[in-house]
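*Asks:* Below you'll find the structure I mean.
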Amino acid sequence: MTTTRIYRPAASAAALVGLLAAGPALAEEAKLDTGDTAWMLTSTVIVLMMTIPGLALFYGGMVRKKNMLSTLMQSFATCCLASVIWMVIGYSLAFGGEGAFHGGFSKVFLTGMTADSMSGTIPESVFMTFQMTFAIITPALITGAVAERMKFSALMVFVGLWSILVYAPITHWVWGAGGFLAGEGVLDFAGGTVVHINSGVAALVVCLILGKRLGHGRENLAPHHVGFTVVGAALLWVGWFGFNAGSAVGANNSAGMAMAVTQIAAAAAALSWMAVEWLRDGRPSVLGIASGAIAGLVAITPAAGFVAPGGALALGAISGVVCYFAVTWLKLKLGYDDALDVFGVHGVGGIVGALLTGVFASKAIGGTAGLLEGNPGQVWLQLEGILATVVYTAIVSAVLIKVIDLVMGIRVDEESEREGLDIRLHGESVS
Amino acid sequence: MTTTRIYRPAASAAALVGLLAAGPALAEEAKLDTGDTAWMLTSTVIVLMMTIPGLALFYGGMVRKKNMLSTLMQSFATCCLASVIWMVIGYSLAFGGEGAFHGGFSKVFLTGMTADSMSGTIPESVFMTFQMTFAIITPALITGAVAERMKFSALMVFVGLWSILVYAPITHWVWGAGGFLAGEGVLDFAGGTVVHINSGVAALVVCLILGKRLGHGRENLAPHHVGFTVVGAALLWVGWFGFNAGSAVGANNSAGMAMAVTQIAAAAAALSWMAVEWLRDGRPSVLGIASGAIAGLVAITPAAGFVAPGGALALGAISGVVCYFAVTWLKLKLGYDDALDVFGVHGVGGIVGALLTGVFASKAIGGTAGLLEGNPGQVWLQLEGILATVVYTAIVSAVLIKVIDLVMGIRVDEESEREGLDIRLHGESVS
Amino acid sequence: MTTTRIYRPAASAAALVGLLAAGPALAEEAKLDTGDTAWMLTSTVIVLMMTIPGLALFYGGMVRKKNMLSTLMQSFATCCLASVIWMVIGYSLAFGGEGAFHGGFSKVFLTGMTADSMSGTIPESVFMTFQMTFAIITPALITGAVAERMKFSALMVFVGLWSILVYAPITHWVWGAGGFLAGEGVLDFAGGTVVHINSGVAALVVCLILGKRLGHGRENLAPHHVGFTVVGAALLWVGWFGFNAGSAVGANNSAGMAMAVTQIAAAAAALSWMAVEWLRDGRPSVLGIASGAIAGLVAITPAAGFVAPGGALALGAISGVVCYFAVTWLKLKLGYDDALDVFGVHGVGGIVGALLTGVFASKAIGGTAGLLEGNPGQVWLQLEGILATVVYTAIVSAVLIKVIDLVMGIRVDEESEREGLDIRLHGESVS
Amino acid sequence: MKFVTAVIKPFKLDEVREALTEIGIQGLTVTEARGYGRQGGHTEIYRGAEYAVNFLPKIRMELAVADELVDQVVETITGAARTGQIGDGKIFVFELGQAVRIRTGERDSEAL
Amino acid sequence: MKFVTAVIKPFKLDEVREALTEIGIQGLTVTEARGYGRQGGHTEIYRGAEYAVNFLPKIRMELAVADELVDQVVETITGAARTGQIGDGKIFVFELGQAVRIRTGERDSEAL
Amino acid sequence: MKFVTAVIKPFKLDEVREALTEIGIQGLTVTEARGYGRQGGHTEIYRGAEYAVNFLPKIRMELAVADELVDQVVETITGAARTGQIGDGKIFVFELGQAVRIRTGERDSEAL
Ligand SMILES: Nc1ncnc2c1ncn2[C@@H]1O[C@H](COP(=O)(O)OP(=O)(O)O)[C@@H](O)[C@H]1O
Ligand SMILES: Nc1ncnc2c1ncn2[C@@H]1O[C@H](COP(=O)(O)OP(=O)(O)O)[C@@H](O)[C@H]1O
Ligand SMILES: Nc1ncnc2c1ncn2[C@@H]1O[C@H](COP(=O)(O)OP(=O)(O)O)[C@@H](O)[C@H]1O
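Protein sequence lines correspond, in order, to chains A, B, C, D, E and F. Letter by letter, the first sequence follows residues 12 to 442 of this note's numbering. Letter by letter, the second sequence follows residues 12 to 442 of this note's numbering. Letter by letter, the third sequence follows residues 12 to 442 of this note's numbering. Letter by letter, the fourth sequence follows residues 554 to 665 of this note's numbering. Letter by letter, the fifth sequence follows residues 554 to 665 of this note's numbering. Letter by letter, the sixth sequence follows residues 554 to 665 of this note's numbering.
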């Protein structure tokens, strides 16, 4: 039996509390705990559900009817491709060793993951699959920015390469043994930087290079079925407990508190988005409250194991308002066409959340104090984590998409865009 | 580490059986069990799923297309608002202390819920969030009665106040430490009174005061997409295992039996509703079988940890038929417009279930004998629980909605009702 | 406390590994493990979700709009009926005793399943309900072959009798104590034969006898909403972890590895189906990739606890291609009208998976070596399992449907088929 | 024969149909339509992007009638469909050359 | 020129279109419609509330044809759309004043 | 009065409506339609079964206009709806007998 790594060192204080409460001493760390394993199996299941059908529906409802299937396809195919890539190379790069920047090649094709390899108190197979679901949703999030106009073939190439060149290394930085950001004490409980800032910034870069949709700003590009979007948002919300409480890697106090604060922040952000929209536009929209909930879930992601309920309430309320303005004002101001607001919700929400984690972190909850408890340095650390991620993902994503554009073209022709990607790229249509 | 309360005393005999089977003695009750915690984390997730997207879709499919989004919105916004209220004050009123009628203010804003507070074998944070999902679905159920004509602003005010003034106290009566109904031995395993009778009766009262929909009895108000309703019913069914088996507050024998009887009762009720409909109308409808399943799930809710499989089969079959007549005959007879039959399914189903719990309760399963095992007194106790709930919720709900009507008006204007709430209240429409 | 049976002997080696890793010795086998129980409760929940709403949506999106509700109804009503039958007699026939061909009548109406009956480390109530969800999905799968033209009444009669005469005995053969296939060493981790080959072959037989849909081969019978189908496929995928990892009957290493290989095989099959379709038809369809994922999930089902990740990758990729040709070429060649491809995906996928389990089985993973590790005999054993199942289910299903046809007729009249089953059989329509 | 096409508010359909049935009309065909007119539309905002929705839902109804019935039909529709509010719709009357009942091949007045 | 509008049963659309193609018709436009007529409707019951569904799904098809083709077109549609059962639908023929092909600006018979 | 029916490509609707508004047209009614014509269709394949989709999405637009405006209207539609590609659609012009505004009972030219 082999235990290969320490998981998410940033969360270790919280985990420690959990483990002590749970009884078994840390010394016997390689012993399988069935309760922890049960929760991690479950978390894996529901994080997968976040992408398919959750994200697929969330995005699918927001596009025009003629592009609905192509949008579902982008999530579904990304799920398949990212799974295989994670198994082949991604997991190894992220968790295969102790480099500062990547984990090496020792776990390519999951070599050495035997029937009894452990990762803390759970089987490594469970840990690997849990992490796979994160490796799935991150590139899937990006597809929202390029909806309704990108070539499916080019998107698949991008997703494949990006998973290897961007996602796996950044994961290693933050959560891998020896990763340079984790070592410095950057707090990211469940993926605020790794998943949300990363995908949000990549999305912005890619959609800038791809260009706006035909008719953007003139024609009616409104969502064809906000109902699907609400269902998708609800499934994302539900699955997010696997994301955040699952990141405690066990059924412990840390998981419990992560779940509680996740719910509180999501609700608070949904309400704050609704409130500001009601004040400004005179009516609360359904798309608005759903977007607010997602914004809150994004923002609480890095903070989940570190903040108390009161902090979560504030963090959620703030992030709902900030993302509202990112999406309705900043985007219009700057004029880019991030079709489904990946940057506005995940990029901006992730940045707000990462910073506020530094503000609201509570020693009693996660072992680290934040600004409000007299530790302003944590905010600077958080900023460092944000910057490192933003710079790396922006540059590599830009180069990648440019190269793919040169080699094969990334945008469908005008007629296909007019007629719809469903029929033109996939030969199908929703009645 | 603090352990603050005994959970659901009515279920304690069943829980005892479970705990003994599971090994650890009750003495060490504050010790975290990872398996119990894993199951309660999961239960929390799937009970949340019952409301969004489950209930939202169940209701959303039953209204006319022009009101679909507004109906989704009612569930979604209720979810957000009830979450925050629970965190701020509801949890404290329900579980903050040992009064006979409410729990006091000691846990306002979750004060004192620290990282290591326990509730039996699970973290208090998990218990609090699990209970929060019940506090969400109960007011959300009510929205079905007022669909297609109530002002969203007035509904939000009602939901907020009702959560505090009705839901939290009744929860305390039945499940809180010192609650007067629990003390007397009323059996309510998972919320037959607290959730279903409570919401069903409040729904009836509110829709009577709100008045019928325009065109009721003349125009075609048929469901616009029974498909969505079936999906919603299915998600409610699936999530109901968190509701019922989760109410064992652990992964034990009681949870197992609660799950088994829940499935059996739901299936039996669905079939009995289908059968009677087939006989009377000449064809089994899809809406019918789905409604029957929900009726069975409602009815088994108070009984889940107390009855044996055979009892569940009978209880389910009876409740399907009774609710069928409540919905298709009683409602027409009395002429009220409970748009989506909250009273007929949840109110009536809850009452039938609460009474039949007293009939079918089995000492071998949950520690309490029912009428069939020679304990007729239990039926009277159940009746007491029903009456207390009905009277309190009816009066307070009526006063509440009347006051709100006076202050701000509760009904949309005629033109908005004609054109649809989606476009008028939320500025959106489903294509 | 009684422990009645050993579960799934074929999986015992794998389970042993898991149990050893988990710590508690096998001797105390009747002791409840809360972690194992938590995972099995969860698995039960998500396997139910596979049928409703998963399969219901998967199938419902593939039929024409006028038959959508009737298709949902077939899954939903099958769920209800199969549940009651399982409780009344099915569970007993499958797991009630140690016969070679069936389990007898000792557990009719769940007699003897007390509050503390155990099944390994979990309550028997959980085991019974977990198995019930398998007894639900298997006949529900068959309904895809008869969609759009079968009488609902006849279908219900068929489902009821088939559950008793075909499903329960075959389950006993493979997983019951003393079952003759298990005894011989046929590997079927989670139901490749019991569920998929069984339902796939029954489906073929029934649709051959039922005849083609009106207009088959001439009129446009295309899916009315591939979006629903994608959502259904996603929910099937997500729930499949309960199916496969749940079949480890505990939260152990075997479950972890089953989960990992399930994800890998599904993704590989989806991609291989997509690739071959892209090459042949010039575009990757959304229905195609979803079908490929299901094909991979079917094929990995018997293999889940027995193969390593590399084997799963190969097994998945192969099954995607084989099922593609079964559905697009074999079916056209032979000319039968298996409306939603139950045989092509579940029958063929199940056979491919069962055989490849014999090829790729790895001693290190599940305790049994396959062809590639020098044990060609396993392939022959697998073939025996396949043949026994195919022959029995084909004959009994054929006789059953013929008799029902004689007694009451199995097909709707032509006008009903033209106008749609929704309105004609259920009196409802999707707007 | 005349052919009457009317554009009305959707929720008036049942009333209009009943009124027409009362004066002996036995058949008509409707389609869902969207109308642009003085009634104006409204604005929908999705995440900050405003879209003017210029078209409002209408029902388009058409029926072939004998010459002598046409005035009564027009009056009946006008009466039943009127709310007095802007957007009530229009009625158009055309000359109809031929009418055939597919089932029987009957022509013109017998076909209606 | 004439303009033919036909209301038919939905499942007959492909047959009718093929029959028309065979006699040289190169274009037509269809819309989904709902018809009220002698065929009657049916009743749907949802949780005890009965709703009469008076309108049945139909296809409304329209095509502009040269004067000399109109009889053949009417016959062809009648033949292909007939099931002999009530509700087969109607054909209406109008005088067409002008026709224009948008792409080229061609007029009248050249535009069809 | 004249009655103009135009079949156009869906994405051209807004442009055409705006162009018509500019020349003073204040009302029109549109329905979603599917067109069969020279443009041809395409093939969809679902699990090996090929279906020819002969009909393509179109917008059917109709408006009643005063006689003197009809040429301008036809020109305006032609101009705004043209892409020059096959399938741009058709315009048909009919004689309109009567028009009524339901709200007011106004007739003919006052009703438009
Ligand atoms: N000139 C026209 N040709 C065809 N349809 C028209 C015309 N003018 C109006 N309509 C239809 O009549 C509907 C109502 O017209 P509108 O001008 O809004 O109100 P009103 O009929 O009360 O004057 C419009 O939505 C449109 O469908
Ligand atoms: N007078 C009419 N004007 C316009 N459409 C009509 C008229 N009468 C019937 N229809 C259309 O024709 C369809 C078939 O008519 P119906 O009376 O049911 O049967 P049949 O055509 O066999 O007599 C109706 O559903 C309706 O759409
Ligand atoms: N004879 C006709 N009658 C009615 N509609 C027609 C006729 N011919 C074509 N159409 C409509 O016009 C559309 C465009 O016609 P098509 O022949 O494809 O291209 P084009 O207009 O460029 O010649 C068709 O899709 C159909 O809706």
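Glycine included, each C-beta is placed from N, C-alpha and C at the ideal position. None of the values given here were measured: they were computed from a predicted structure.
1) Apply the 10 Å Cβ neighbour rule to Arg660 of chain E and answer buried if 16 or more other Cβ atoms are within range, or exposed otherwise.
2) Have a look at Phe163 of chain B and Ala188 of chain C and give me their C-alpha separation to the nearest angstrom.
3) Within the continuous beta strand (DSSP E) that includes Arg600 of chain E, where are the two ends?
4) Report whether the distance from the Cβ of Arg660 of chain E to the nearest heavy atom of ligand 3 is below 7 Å.
5) So, for Phe645 of chain D: in the same chain, excluding its five sequence neighbours on each side, which residues have a beta-carbon less than 6 Å away from its beta-carbon?
6) Could you tell me which of C:Arg435, C:Ile412, C:Glu428 sits nearest to Ile220 of chain C, measuring between CA atoms?
7) If we cut at 8 Å on Cβ distances, does Arg422 of chain A have a partner in chain F?
8) Output the distance between the C-alpha atoms of Gly202 of chain B and Gly250 of chain B, rounded to the nearest integer angstrom.
9) Excluding five sequence neighbours on each side, which residues of the same chain lie with their C-beta closer than 6 Å to the C-beta of Pro35 of chain B?
10) DSSP three-state label for Leu345 of chain B, please.
11) When you compare only the Cα positions, how much space is there between Ala32 of chain A and Asn264 of chain A?
12) Since Arg75 of chain A meets chain F, which of its residues come closer than 9 Å, beta carbon to beta carbon?
13) Here's a check: name, in chain order, each residue in its chain whose Cβ is nearer than 8 Å to the Cβ of Ala375 of chain C, leaving out the five neighbours to either side.
14) Distance, Cα to Cα, Leu52 of chain B vs Gly594 of chain D?
15) With 8 Å set as the bound, which would you pick, yes or no: does the beta-carbon of Gly601 of chain F sit closer than that to a beta-carbon of chain C?
16) Do Val407 of chain A and Val177 of chain A have their C-beta atoms within less than 8 Å of each other?
17) Going by the DSSP bridge assignment, what does Leu616 of chain F pair with across the sheet?
18) Counting along the chain, where does the alpha helix (DSSP H) carrying Tyr178 of chain B start and finish?
19) Quick one: Cα of Ser440 of chain B to Cα of Gln638 of chain D, how far?
20) Do you know how far the Cα of Leu392 of chain C is from the Cα of Asp433 of chain A?
21) Gly267 of chain B touches chain C at which residues, Cβ-Cβ below 8 Å?
22) Any contact of the region 264 to 281 of chain A with the region 119 to 135 of chain B, i.e. 3+ C-beta pairs under 8 Å?
23) Check this for me: beta carbons of Thr273 of chain B and Ala256 of chain B, under 8 Å apart or not?
24) Name the residues in the region 248 to 262 of chain B whose C-beta lies less than 7 Å from a C-beta of chain C; which are they?
25) Ligand 3 and Ala559 of chain E: does the residue's C-beta get closer than 7 Å to at least one heavy atom of that ligand?
26) What does a CB cutoff of less than 6 Å around Gly381 of chain C pick up in its chain, not counting 5 residues either side in sequence?
27) In whole angstroms, what is the alpha-carbon distance linking Val363 of chain B and Ala233 of chain B?
28) Run the proximity test for Ala269 of chain B: is its beta-carbon closer than 7 Å to any non-hydrogen atom belonging to ligand 2?
29) Assign Phe145 of chain B to one of three DSSP states: helix, strand, or coil.
30) Out of B:Thr140, B:Phe141, B:Val168, B:Phe138, which has the shortest C-alpha to C-alpha gap to Pro150 of chain B?
31) Counting only beta-carbon separations shorter than 8 Å, does Glu439 of chain B have a partner in chain D?
32) Thinking Ser302 of chain B and Arg570 of chain E are a contact (beta carbons under 8 Å), I'd like their distance in whole angstroms, please.
33) Could you tell me if Asp424 of chain C is buried or exposed, where buried requires 16 or more neighbouring beta carbons within 10 angstroms of its beta carbon?
34) Do the CB positions of Val309 of chain A and Gly360 of chain A come within less than 8 Å of each other?
35) Alpha carbon to alpha carbon, what distance is there between Val237 of chain C and Leu80 of chain A?
*Replies:* In short:
1) exposed
2) Separation of Phe163 of chain B and Ala188 of chain C (C-alpha to C-alpha, rounded to the nearest whole angstrom) is 59 Å.
3) Element bounds for Arg600 of chain E: n/a, residue is neither H nor E.
4) no
5) Thr558
6) C:Ile412
7) With 8 Å as the cut-off, Arg422 of chain A does not count as an interface residue toward chain F.
8) 14 Å
9) Low confidence applies to Pro35 of chain B: its pLDDT is 37, below 50, so where it sits in the model is not reliable, and the reading given next is rough at best. Hits under 6 Å: none found.
10) helix
11) Confidence at Ala32 of chain A is low in this model, with a pLDDT of 35, below 50, so the placement of that residue should be treated as unreliable; the coordinate-derived value is given next. Taken atom to atom, the span from the alpha-carbon of Ala32 of chain A to that of Asn264 of chain A is near 7 Å.
12) What Arg75 of chain A touches in chain F: nothing, since even the nearest Cβ is about 10 Å away.
13) Ala319
14) Their Cα atoms are separated by approximately 48 Å.
15) yes
16) yes
17) Checking the DSSP bridge columns, you'll see Leu616 of chain F partnered with F:Val557.
18) First-last for Tyr178 of chain B: undefined, no H or E at that position.
19) 22 Å
20) 45 Å
21) Thr48, Leu52, Ile133, Pro134, Glu135, Ser136, Val137, Thr140
22) yes
23) yes
24) Trp248, Val249, Phe252, Ala256, Gly261, Ala262
25) no
26) Gly369, Val370, Phe371, Ala372, Gln389
27) 27 Å
28) no
29) Helix at Phe145 of chain B.
30) B:Val168
31) yes
32) Going by Cβ atoms, the distance from Ser302 of chain B to Arg570 of chain E rounds to 42 Å, so no, they are not a contact pair.
33) By the neighbour-count rule (16 or more Cβ atoms within 10 Å), Asp424 of chain C is not buried but exposed.
34) In contact: Val309 of chain A and Gly360 of chain A (Cβ atoms closer than 8 Å).
35) 7 Å
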